[in-house]
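With the first letter of the sequence shown counted as 1, position 411 gets the number 475 in my numbering; the numbers rise by one all the way through. One structure below.
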Amino acid sequence: MTQDREFSWRWAIAAAVVYMALAVVVTWPLFRGMRTQIPADLGDPLLNVWTLWWGLSRITSLDFSGYFDANIMYPHPGSLAMSEHLTTLSVLGLPFWLVSKNPVFVYNALYVLSFAAAGVGAFVLAKRLSGSVFGAFAAGLVFAFAPYRFAQDGHIQVLWSAFIPLSFYALINLCAKARVRDAVLLALFFVLQSGANMYFGLFLAVACVVVFAGFGAANGGIGRPRVWLLVFCAGAVAAVVLLPFTLPYLDVRERFGFVRQIETISSLEPRNFLGVRHFNRLWGETLARFDRPEGGLFPGAAALVLAFVGLFHRRAEPGTRPAFAVLLVAGCLISMGPRPRIEFFGTSHEGGHLYRFLYDWLPGFSGTRVPFRFHVMSMLALSVLSACGVAAVLTVLKRHASYPLVGALVLALPFEYYSVIPLSQFQRGAKPSALYERLRSLPDGPVIEFPQDAYGHVFNASVHGKKAYTPFSGMHSPLERAVNRMQSDPGWDLTIPLLESMGIRYVVVKKAHPLHAALRAAGRSGEASVEPVHDDSEGTIFEIRGRGPHFLDPSRDFYDLSAQVKMKYDLALAIRLNADNDRPVMSRTSYLPGLLRLRAGGRDVHRADVKFGLPPHSTGTELAATRAQVPFGTVFDEVCIEFGEAEFCAAPTRL
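Set out below in structure tokens:
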């Protein structure tokens, strides 16, 4: 059925109902346990549950002071900027929060809605470009339910991609009609998408260049000053609105050195584009062997056929085929990462040139970690071309013959996409235990829990609402090693002084943990101001009274901090070796022996034999790394590595 290209609420609502029904099916039985189940595992989803709670609690209280200084990862400031802030999702989840006051319920509601929203977004864009309702419906299926989305079943921020096609919709209308309202919509959708996923904000900026070039050239918009002015204004407005959300990330990046070294970023192999998750009903047994974490990128056979046909659909909106064909290819290349190995007729080639170009030249791109997520752009391009394929079949074939064929192709999409996302039971999501209810009612003060459970304690911070030490930041600080020492050595004489210096007020310890008896004994001895304030079968809450001065400053240099706590820590080193360009390529990791020398004031203060691992296929200048134990009291201002007669020296870098 080919219609006009204008937006239609009637068709969009009808499509939304169907997509919502499919979303309930693929997430079933989540709909029956919205408070006690979580899709995927209890890792990143718990972090995102806490993030939603934090945003919702700030919005409902209208308290945005210290918005990014959230109550986890104490004592580090800016903890919200150490992951996605999900502000857009917090706003969208507000109705569910007002009804339930339960962040797990809000998370699950938004999770199910993410599929329907992505489908509707692709439907609106594809209807505009192909003019076909059937084609637009197929595009929504491809974008919202293809196997690549199930590779992200634990990342709600990646599943919320609905504003990407809506941004393209506004941009394409802006190129064609140069209306102010389209510029406003472009800025709005860009901000909403960036607020749901900062990664996608960067990716969308790259993709918008491709789409603008394709459609601007096709309809003459690229030569009209008014179009350029409106695009610039839309970008400027979006940048101004996003600035308060961007600055905290830049601050955290500067303080902690959160730049992803390109050598540490994973790359895909071409075969990963055939990968699907094992719980896909049709392809799981056959193609799961090509899957990898976040790297199952198979688009589906029916979508590939339809997209191929769509490349020859001449009645599509001018600019559609070249723009989205280029976006499809570019998306696949970028998704493969910085150094994919491509085998071709017995020869091996290293790709990743486009990714490395963006890494070097696009501000912020060096902070991204998972290049596979750029595949969302490939899949959107594929969905648009699939819509064009459906429209082409409807155009070429006779009316009475085309509908059954098109219907069969469209119905084949949910058939081969059908998956059932695994669910994790999470009874704590229904009602907090008595221990955490009691902790919530106590006067304010920082909390630490034992044994350490990063994701679980992040969720607990959404229950008790107090600042909490949680070792979830992607870095390993001396403070974290000190906390690990407390766990492994309950009799350590610096446990209480260290907790006092951290400013910890409450220590929550499970009964079976060795530290439980040590803290109780310390309180009875009178040597430390430790007193239990709650005790039940789950654990004990100890309060540390008369806390000592803070001699730990998390903003200090890694090595400055090392002089203040008498323990041992692992020193992680990374250097670059200037190897000969004609050195043979190695098929496995090799190790080079060396000597580590730590120096202070021009003299050696520590020496140790070390080995540096050189990764496979290393040529030219490569990254090598080692770990060595160094006495924590050691103070040094220079690190030197010796390899035979060669010597490399450098000042220690910040954490």
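Built from N, CA and C at the ideal position, the CB exists for glycine as well.
key: Closest by C-alpha distance to A720, when choosing among L162, R341, S164   = Residue 720 is absent from the structure shown; the chain starts at 65 and stops at 719.
query = In terms of residue numbering, what span does the alpha helix (DSSP H) encompassing S231 cover?
reply = One-based indexing of the sequence shown puts residue 231 at position 167. Counting along the chain, the alpha helix (DSSP H) containing S231 begins and ends at 227-241.
message = Comparing C-alpha positions only, which one of A494, L583, S565 sits nearest to V573?
response = Position 509 of the sequence shown, counted from the start, is the residue given in the question as residue 573. Out of A494, L583, S565, L583 has the C-alpha closest to the C-alpha of V573.
ask   = What distance in whole Å lies between the Cβ atoms of A242 and V184, which are believed to be in contact at a cut-off of 8 Å?
value = By 1-based counting over the sequence shown, the position of residue 184 is 120. By 1-based counting over the sequence shown, the position of residue 242 is 178. Contact check for V184 and A242: beta-carbon distance about 26 Å, past the 8 Å limit, so the pair fails to qualify.
inquiry  = Using 9 Å as the threshold, is the C-beta distance between F523 and L120 below it?
reply    = The residue you call residue 523 lines up with position 459 of the sequence shown. The residue you call residue 120 lines up with position 56 of the sequence shown. Their beta carbons are not under 9 Å apart, which means F523 does not touch L120 by this criterion.
ask   = Could you give the distance in angstroms between the alpha-carbon of Y423 and the alpha-carbon of Y570?
value = Taking the sequence shown and counting its residues from 1, one reaches residue 423 at position 359. Taking the sequence shown and counting its residues from 1, one reaches residue 570 at position 506. Rounded to whole angstroms, Y423 to Y570 spans 43 Å at the Cα level.
query = Would you call the CB atoms of M441 and G383 closer than 9 Å?
reply = Numbered from 1 along the sequence shown, position 377 holds the residue referred to as residue 441. Numbered from 1 along the sequence shown, position 319 holds the residue referred to as residue 383. No, Cβ-Cβ distance for M441 and G383 is not below 9 Å.
inquiry  = Any contact between the segment 230-250 and the segment 123-139? By contact I mean 3 or more CB pairs, one from each, below 8 Å.
reply    = no
task = Would you mind reading off the limits of the beta strand (DSSP E) that contains K574?
result = Taking the first residue of the sequence shown as position 1, residue 574 is located at position 510. That run of the beta strand (DSSP E) goes 570-574.
request  = Report the option in R502, L579, E544, K531 whose CA atom is closest to the CA atom of D599.
outcome  = Translated into the one-based positions of the sequence shown, residue 599 becomes position 535. If we check each option's Cα against that of D599, R502 comes out closest.
query = What is the residue span of the alpha helix (DSSP H) that T384 lies within?
reply = Walking along the sequence shown from the start, residue 384 turns up at place 320. Where T384 is concerned, the enclosing alpha helix (DSSP H) stretches over 384-399.
ask   = Below 8 Å, can you find three or more Cβ-Cβ pairs linking the segment 204-212 to the segment 358-367?
value = yes
ask   = Does the separation of the CB atoms of A532 and E544 fall below 9 Å?
value = Along the sequence shown, read from residue 1 onward, the residue named residue 532 stands at position 468. Along the sequence shown, read from residue 1 onward, the residue named residue 544 stands at position 480. The answer is no: Cβ separation not under 9 Å.
Coil, strand or helix - Q516 by DSSP = Residue 516 sits at position 452 when you count from the first residue of the sequence shown. Coil.
task = Note down the Cα distance separating F179 from S593, rounded to an integer number of angstroms.
result = As a first step, residue 179 is located in the sequence shown; it is residue number 115 there, counting from the start. As a first step, residue 593 is located in the sequence shown; it is residue number 529 there, counting from the start. If I take the Cα positions, the gap works out to 53 Å.
key: Residue interval of the alpha helix (DSSP H) (run including A417)   = For this step, residue 417 is matched to residue 353 along the sequence shown. Strictly speaking, residue 417 in this sequence is His, with Ala absent from that position. Where H417 is concerned, the enclosing alpha helix (DSSP H) stretches over 417-425.
ask   = Taking the continuous alpha helix (DSSP H) assigned at G603, which residues delimit it?
value = Walking along the sequence shown from the start, residue 603 turns up at place 539. That residue, G603, is in no alpha helix (DSSP H); its beta strand (DSSP E) goes 603-608.
request  = Pick helix, strand or coil for G142, following the three-state DSSP scheme.
outcome  = Here residue 142 is taken as the residue at index 78 of the sequence shown, counted from 1. Collapsing the DSSP output to three states places G142 in coil.
task = Name the two residues that bound the continuous beta strand (DSSP E) containing Q489.
result = Residue numbering aside, residue 489 sits at position 425 when the sequence shown is read from its first letter. First-last of the beta strand (DSSP E) with Q489: 487-489.
query = Taking buried to mean at least 16 other C-beta atoms within 10 Å of its own C-beta, is W73 buried or exposed?
reply = As a position in the sequence shown, residue 73 is number 9, starting the count at 1. Exposed, because fewer than 16 other Cβ atoms sit within 10 Å of the Cβ of W73.
ask   = Are there 16 or more other CB atoms within 10 angstroms of the CB of F726, so buried, or fewer, so exposed?
value = No statement about residue 726 is possible, as the shown extent of the chain runs from 65 to 719 and does not include it.
query = Taking the alpha carbon of Y257 as the point to measure from, which residue in S505, L558, V88, S154 has its own alpha carbon closest?
reply = Looking up residue 257 in the sequence shown gives position 193. Correcting the residue identity first, residue 257 is Gln in this sequence and not Tyr. Comparing Cα positions, the closest option is S154.
Euclidean distance between Cα positions of L156 and G259 = Mapped onto the sequence shown, residue 156 falls at position 92. Mapped onto the sequence shown, residue 259 falls at position 195. Roughly 11 Å between the two C-alpha positions.
ask   = What's the gap between the Cα of S505 and the Cα of G529?
value = By 1-based counting over the sequence shown, the position of residue 505 is 441. By 1-based counting over the sequence shown, the position of residue 529 is 465. Taking the straight line from one Cα to the other gives about 10 Å.
inquiry  = With H, G and I counted as helix, E and B as strand and the rest as coil, what does DSSP make of L59?
reply    = Residue 59 lies beyond the stretch modelled for the chain, which goes from 65 to 719, so this question has no answer here.
query = For H149, does the three-state DSSP call read helix, strand or coil?
reply = The residue you call residue 149 lines up with position 85 of the sequence shown. Coil, per DSSP.
request  = Would you kindly check if the distance between the Cβ of V674 and the Cβ of L659 is under 9 Å?
outcome  = By 1-based counting over the sequence shown, the position of residue 659 is 595. By 1-based counting over the sequence shown, the position of residue 674 is 610. The answer is yes: Cβ separation under 9 Å.
inquiry  = My assumption, with CB atoms under 8 Å, is that L346 sits in contact with E480. Please give the rounded CB distance.
reply    = Locating residue 346 in the sequence shown gives position 282, where the first residue counts as 1. Locating residue 480 in the sequence shown gives position 416, where the first residue counts as 1. 5 Å between Cβ atoms; contact.
task = May I ask you to list the residues that DSSP assigns as paired with P435?
result = Here residue 435 corresponds to residue number 371 of the sequence shown, with the count starting at 1. Answer is none; P435 lacks a bridge partner.
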